[in-house]
Amino acid sequence: MDKRRRGYWIPVVTAMMRRGDEVLLGLRPEGHNLAGFWEFPGGKVEPGEEPEAALKRELNEELGIEAEIGAIRFTGIHSYGDTGIMLLFYEVPYWKGEPKTVHHSGLKWVKISDLKNEHLPEANRKLLGKITHALNNPVSS
């Protein structure tokens with residue numbers, strides 16, 4: 295009988311917010327996991343919460359905006375030790391308000407072609423091909 299401890303998975307929703315040929319990234323704040331990495335805005339799905347509702351909530355909490363959640367583009371997985379995350383990447387075609395640094399210590403718009411040069415978490419870096427393809431081929435306009 296296999297006695298290895300089984301890890302658990304956390305669903306995480308992620309926003310791909312485009313402005314022309316740029317995408318929004320937030321800087322993980324000091325004192326948080328992965329501090330100093332640039333990430334796509336989003337966060338954990340709470341128990342019983344629909345992913346789209348979670349992303350809408352997270353964007354309001356993190357950026358102070360009211361967002362329209364578009365199509366899910368793809369999913370990916372990544373493990374941090376015994377904990378796995380399942381990333382759900384959504385297009386966010388429209389939002390009301392200017393994104394602010396409510397949660398992040400910085401925000402910046404980055405050219406899609408320059409994402410490969412950013413200090414991204416490994417979970418995003420390993421999906422960079424899918425991310426750039428989705429950003430360069432949006433479903434919503």
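Just so you know, we're using the numbering used here here: the sequence shown kicks off at 295 and counts up by one. Glycine residues also receive a C-beta, built at the ideal position from the N, C-alpha and C atoms. On a predicted model such as this, the values are computed, not experimentally measured, just so you know.
From Ile-304, Asn-431, Gly-391 and Glu-352, residue whose alpha carbon lies closest to that of Phe-334: Glu-352
Contact set for Lys-394: own chain, Cβ-Cβ below 7 Å, skip 5 residues either direction: Leu-357 and Gly-358
Buried versus exposed call for Leu-382 [16 or more other C-beta atoms within 10 Å across all chains shown]: buried
Completely contained alpha helix (DSSP H) runs for the stretch 322-368, where each covers 4 or more residues: 345-357
Proximity of Ile-379 and Ile-425 at Cβ, strictly below 7 Å: no
Whole alpha helix (DSSP H) elements within the stretch 359-430, 4-residue minimum: 416-419 and 422-430
Residue from Met-310, Val-306 and Tyr-302 whose Cα sits closest to the Cα of Ala-284: Residue 284 lies beyond the range of the chain shown here (295 to 435); nothing can be said about it.
DSSP-derived helix/strand/coil call for Met-311: coil
Beta-carbon proximity check, Leu-319 vs Lys-402, cutoff 7 Å: yes
Exposure label - His-264; buried when at least 16 CB within 10 Å: The chain is shown only over 295 to 435; residue 264 falls outside these bounds and no answer can be derived.
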